[in-house]
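Numbers 28 to 193, taken from our numbering, label the letters of the sequence shown in order.
Just so you know, even glycine gets a beta-carbon here, dropped at the ideal spot from N, CA and C.
Quick caveat, the model's predicted, so the values are computed rather than measured.
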Amino acid sequence: MASKIRLPMKMVITGPECSGKTTLSKKIADYFHVKRNLEYARFYLNKLTREYKKNDLLHIAKKQLISEIDCKILDTDLITIKIWSEYKYGDCHHWIKDQIVKQQNENRVYLLCKPDIKWEADKLREHPFSRNILYELYEKELNTLNHEYYVVDKNNPIKFYKKYLD
C-alpha cells in the first residue's frame with residue numbers, strides 16, 4: 028500500500044472557521060505518518076492579553092510561514108490570513124500577498140472544508156453567521172491562484188482519495 032501513496036509536497040487544509048480543518052489535518056498526518064504544522068494564530072491569540080490588531084496578522088503570517096517548513100500537512104496557510112485580513116479590515120499587507128504568489132510555484136494541493144458542521148463557540152471564533160460567505164471567498168481565492176483543490180464536506184468522501192491513495 029505504501030508504494031501507492033503519492034502525497035504532494037504540501038497538503039493544505041483550509042476553509043472558514045469551525046469547518047473541521049484541525050481534526051482533518053491531524054487525521055491525514057496520522058494516516059501518512061508525516062509532520063503537520065499547527066495554526067499559529069491560535070497559539071498567538073490565546074496568549075495575547077489585548078484585542079488583536081491588523082498588525083498582528085503580519086506577525087502571525089510570518090510565524091505561520093516558518094511553521095510550514097518540513098511539514099507535509101498544513102492546518103491552514105497564508106490564504107487564511109489574507110482572507111481574514113480582507114474580511115475584517117478591508118485589505119491585506121502586501122508581504123502576505125507576495126508570499127502567497129510565491130507559493131503558487133510550490134507543489135501544493137488544498138482540501139477546502141465546507142462549513143456544514145455545527146459551529147462551536149470558542150473565544151477566538153468570530154463569524155458564526157458568515158461561514159458560507161467566507162467559504163465562497165476561499166473558493167474564489169483558490170480558483171484565482173489556480174491551485175488544485177478538493178472540497179470536503181460532511182457527507183462525501185474526500186475526492187482526492189483516488190488520485191493519491193488508490
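**Separation of Asn182 from Ala88, as counted between CA atoms** = When rounded, the distance between both Cα atoms is 32 Å.
**Request:** Assuming Lys99 contacts Lys37 (C-beta within less than 8 Å), just tell me the rounded distance between them.
**Result:** The C-beta distance from Lys99 to Lys37 rounds to 6 Å, short enough to meet the 8 Å contact threshold.
**Item:** Anticipated Cβ contact below 8 Å, Ile106 with Glu175, distance rounded
**Value:** Contact annotation, Ile106 with Glu175: C-beta distance approximately 14 Å; criterion of less than 8 Å not satisfied.
**Asked** Given Leu92, which residues of its chain have a CB within under 7 Å of its CB, disregarding the five upstream and five downstream residues?
**Response** So the qualifying residues of the chain are Leu105 and Gln126.
**Message:** Mapping the DSSP letters down to three states, classify Asp193 as helix, strand or coil.
**Reply:** Note that Asp193 has pLDDT 44, beneath the 50 cutoff, so the model's placement of it is unreliable and the number below is only indicative. Reduced to three states, the DSSP call for Asp193 is coil.
**Request:** May I ask you to list the residues that DSSP assigns as paired with Val39?
**Result:** Answer is Leu101 and Tyr137.
**Prompt:** Which two residues bound the contiguous beta strand (DSSP E) that contains Glu175?
**Reply:** Note, Glu175: beta strand (DSSP E), Glu175 to Val179.
**Message:** Please classify Lys109 as buried or exposed, where buried requires at least 16 other C-beta atoms within 10 Å of its C-beta.
**Reply:** Per the 10 Å Cβ criterion, buried.
**Item:** Glu44 versus Val179 - alpha carbon distance
**Value:** Each residue's alpha carbon lies about 14 Å from the other.
**Item:** Per-residue burial, Lys90 [other beta carbons within 10 Å of its own, 16 or more giving buried]
**Value:** Exposed.
**Request:** Can you check DSSP and say which residues form a bridge with Arg77?
**Result:** Answer is none; Arg77 lacks a bridge partner.
**Supposed contact pair Gly42 and Tyr177 - C-beta distance, whole angstroms, cut 8 Å** = So it is not a contact: roughly 11 Å between Cβ atoms.
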